[in-house]
Each structure stands twice: as structure tokens, then as C-alpha cells.
Amino acid sequence: MATPTRPPVSQPGSSDDGRATAGDGRARRAGRGPGRRTWPLSLLLALGAVVFLFPFYYMAIGSLQSVADPSIGGAFDFSNLTLDNYGQINERVDLLRSLVNSGIFTGAVIVSTVFFGVLAGYALARLHWRGKGTLFALVLLVQVVPFQLLVIPLYVMIVRSYGLADSYLGMIVPFAINSTAVFVFRQFFLQLPEDLFSAARIDGAGEFRILWSVALPLVRPALLTVVLLTFIGPWNEFLWPFLVTKQADMQPLAVSLANYISNAAGRASNPFGAILAGAVVLAAPAVALFVAFQRHFTSSDIGSGVKG
Numbered sequence: 019m020a021t022p023t024r025p026p027v028s029q030p031g032s033s034d035d036g037r038a039t040a041g042d043g044r045a046r047r048a049g050r051g052p053g054r055r056t057w058p059l060s061l062l063l064a065l066g067a068v069v070f071l072f073p074f075y076y077m078a079i080g081s082l083q084s085v086a087d088p089s090i091g092g093a094f095d096f097s098n099l100t101l102d103n104y105g106q107i108n109e110r111v112d113l114l115r116s117l118v119n120s121g122i123f124t125g126a127v128i129v130s131t132v133f134f135g136v137l138a139g140y141a142l143a144r145l146h147w148r149g150k151g152t153l154f155a156l157v158l159l160v161q162v163v164p165f166q167l168l169v170i171p172l173y174v175m176i177v178r179s180y181g182l183a184d185s186y187l188g189m190i191v192p193f194a195i196n197s198t199a200v201f202v203f204r205q206f207f208l209q210l211p212e213d214l215f216s217a218a219r220i221d222g223a224g225e226f227r228i229l230w231s232v233a234l235p236l237v238r239p240a241l242l243t244v245v246l247l248t249f250i251g252p253w254n255e256f257l258w259p260f261l262v263t264k265q266a267d268m269q270p271l272a273v274s275l276a277n278y279i280s281n282a283a284g285r286a287s288n289p290f291g292a293i294l295a296g297a298v299v300l301a302a303p304a305v306a307l308f309v310a311f312q313r314h315f316t317s318s319d320i321g322s323g324v325k326g
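Going by the working numbering, the residue at position 47 of the sequence shown is 65; the numbering climbs one at a time, nothing skipped.
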């Protein structure tokens, strides 16, 4: 009877072990290689960030200087920093009242845009009804129509026909529905697995319950995207609030600052600093909102709703 042979066992000092050790060493060196090669890219991105942020830094420093210095070196002059430029604006413009007006205008537009955008986007993405494709094509066509083309008929209808001049409702109505928000929500709802909606319908949930309990928690990035995109529009909007508001206590911040820059900034002790101070007041809330929520843009919990 033949005796079964056992496979040879390599000793610690054998050549096989040496080849394995050499291979592990090469793998470790290869793992360190990409890290070494990424520092030029990191340096390039850092330089790009500095170049991008420098105008904001220059605007903030210029708004705090008592003596205007429009040169590049003025961005690094910290000897004459003061808040007088902001005080001069507040003497001519009620900043607190203007901020409240802008907050009411922008907040109402955001709420109405999200509300109607969610309903329309869900209906276009998940409900089956005749004419859905045609209606979505019309939604896309609305985006190519410039708002300036509609200003005159909107003014006649809202101000003269409805008498909504110098009112929050008159400022809000033209921006209550945003076709871009409808498009964004529709695309996000289309990405959700159909099994989630089928399971909810089998359990007896209605469409509004499915929308609130199943769909909305999974499209949080879409909600944040729409909120931020919608915020920028009404917060910086000048033309329409300027047309429908004549009373100073009803004007939002963009209109109040524009009136100050055109009428009173030239008589300030530092017109350059006063203009930059107005720009800082207008830009600060938008920048703070983007910084606070930028890390949520790409996060999504779609995969958590499906097993397997």
C-alpha cells in the first residue's frame, strides 16, 4: 500500500517565504506611492480655494476700513479697522427691518416652492395618468422663458388688478412655484426603488402617506438643494420687489441697499467701504447657509430602504 504524501511545509527561511515577504514589501510601497503623488493635486486645490475666497476676504476687510485702499496691499492693512461703515448704512437704511422683510419674502417663497415642487414632482414621477409627458415637457419649456419678459403683464395683473402693491403677497406670488424645483424633485423621485412604493401600497398606505413617510425621508439631498437654490433667487431679487414696493418699510434688503448705494453712499466719509459693507450684509446670510449645509448635498439614504 502506498503511503500518502503530505504537502511540503515551507520553512520560515525558505525562498517561498522570501518571495512572499518581498511581495508584501512591494505592496506596501505601492500603497504609499499614490499618497505621495497626491500632494501636488492637494496643493493645487488649496491654491484654487485661496484664489476663490480672496474676493470675499477683500470685501470683508474693505468694509471694515475707515480709509479706502483699493489696491491689493489694502487687503492686508489692519491698522484702521472700524465698524463706522456699517453704522452709516444703518443711519440711512433700517437694516433690521430690511432683513425682516427679506426673511419673510424668502421664507415664504421657499415654503411654497418646496410644497408645490414636491407635489408636482411626485405626481410626474410616480403616478400614472394621461398627459403626464406633455405636462412635463411644458414644465421644461417654462424654464427657457426669462422672467423679465413677464414683468409687465405680472405687474398689471398683481398691482393693478389685484391691488397687491406694497404687500408681502404681491412680492411672493410670482415666485411661489418654481419649475426648476419640480424638475429636481421629479428626478430624485424617479431614482427611488419601485419596491418601496409597491410594499407601501400593499400595506394599505395612500399616496400622501407614501409621499410623507416613504419618499420624502429618502430625498433629503433634493430638499436641501431646492432650499438653497430657491434661497438665492428671492434673497438677491431686486427688480420685482423694486416695482411693487414703494414704501421704504416694505422693501427687502436688496432694494434698500441698492437705494442706499445710488443715493447716499457717495456722500459717506468712505464711499468705497460703505458699498463693500452693503455687499457684506447682503452676502453674509447666503454664504453662511451654504457653509452650514454643503456637507449634506451628496448624502443620501436611498439604500437604507431596500434589503438584499
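Backbone N, C-alpha and C define an ideal beta-carbon position, used for all residues, glycine too.
Tell me whether the beta-carbon of residue i lies closer than 8 Å to the beta-carbon of residue j.
i: V191; j: I176; result: yes
i: F215; j: G80; result: no
i: F207; j: G151; result: no
i: Q83; j: L99; result: yes
i: Y76; j: A93; result: yes
i: A218; j: V232; result: yes
i: R115; j: Y278; result: no
i: V273; j: P259; result: yes
i: Q95; j: D87; result: The sequence shown places Asp at residue 95, rather than the Gln named in the question. Yes, these two residues count as a Cβ contact at 8 Å.
i: A78; j: V298; result: yes
i: D213; j: T263; result: no
i: L261; j: Y173; result: yes
i: F154; j: L142; result: yes
i: N288; j: V85; result: yes
What did DSSP end up calling residue i once you bin it into helix, strand or coil?
i: Q265; result: coil
i: L210; result: coil
i: Q312; result: helix
i: G41; result: At G41, the pLDDT of 49 sits below 50, so the modelled position is not reliable; the number obtained from the coordinates is stated separately. Note: G41 maps to helix in three-state DSSP.
i: E109; result: helix
i: S287; result: coil
i: L300; result: helix
i: L114; result: helix
i: G149; result: coil
i: P252; result: helix
i: V162; result: coil
i: V244; result: helix
i: V332; result: Residue 332 lies beyond the residue range present for the chain, which begins at 19 and ends at 326; the question has no answer from this structure.
i: P270; result: coil
i: V237; result: coil
i: S28; result: Residue confidence is low: S28 scores 49 on pLDDT, short of 50, so the model does not pin down where it sits. Its coordinate-derived value is still stated next. It is coil, neither helix nor strand.
Decide if residue i is buried, meaning its Cβ has at least 16 other Cβ atoms within 10 Å, or exposed.
i: E255; result: buried
i: W57; result: exposed
i: P270; result: buried
i: Q106; result: buried
i: L236; result: buried
i: L331; result: Nothing about residue 331 can be read from this structure; the chain reaches only from 19 to 326.
i: L275; result: buried
i: F72; result: exposed
i: N281; result: exposed
i: G135; result: buried
i: V309; result: exposed
i: G296; result: buried
i: R204; result: buried
i: V69; result: exposed
i: V127; result: buried
i: F311; result: exposed
i: L241; result: buried
i: L300; result: buried
i: I293; result: buried
i: F193; result: buried
i: V162; result: exposed
Of all the CB atoms in chain C, is at least one closer than 8 Å to the CB of residue i?
i: W253; result: Included in the structure is just one protein chain, with no chain C present.
Checklist line | Segment contact flag, the region 239-252 with the region 121-138, C-beta cutoff 8 Å, min 3 pairs | finding: Counting Cβ pairs under 8 Å, three or more are found: they touch.
Next item on the list: Note down, one range per segment and in chain order, each alpha helix (DSSP H) of at least 4 residues found wholly within the region 166-231.
Entry: Taken in chain order, the complete alpha helix (DSSP H) segments of 4 or more residues contained in the region 166-231 are 169-173, 186-190, 197-209, 212-220 and 225-228.
Margin query: Using 8 Å as the cut-off, can you tell me whether the region 119-127 makes contact with the region 182-202, which would need three or more C-beta pairs spanning the two stretches below that distance?
Written below: The region 119-127 vs the region 182-202: in contact.
Item checked: Runs of alpha helix (DSSP H) wholly within the region 49-102 (minimum 4 residues, chain order) -> Counting only runs of 4 or more, we get 57-82.
Margin query: Does the structure place the region 261-269 close enough to the region 238-245 that three or more beta carbon pairs sit under 8 Å?
Written below: In short, these stretches do not touch, since the Cβ pair count stays below three.
Note to self: Within 8 Å, do at least three Cβ pairs link the region 152-161 to the region 217-231?
What the structure shows: In short, these stretches do not touch, since the Cβ pair count stays below three.
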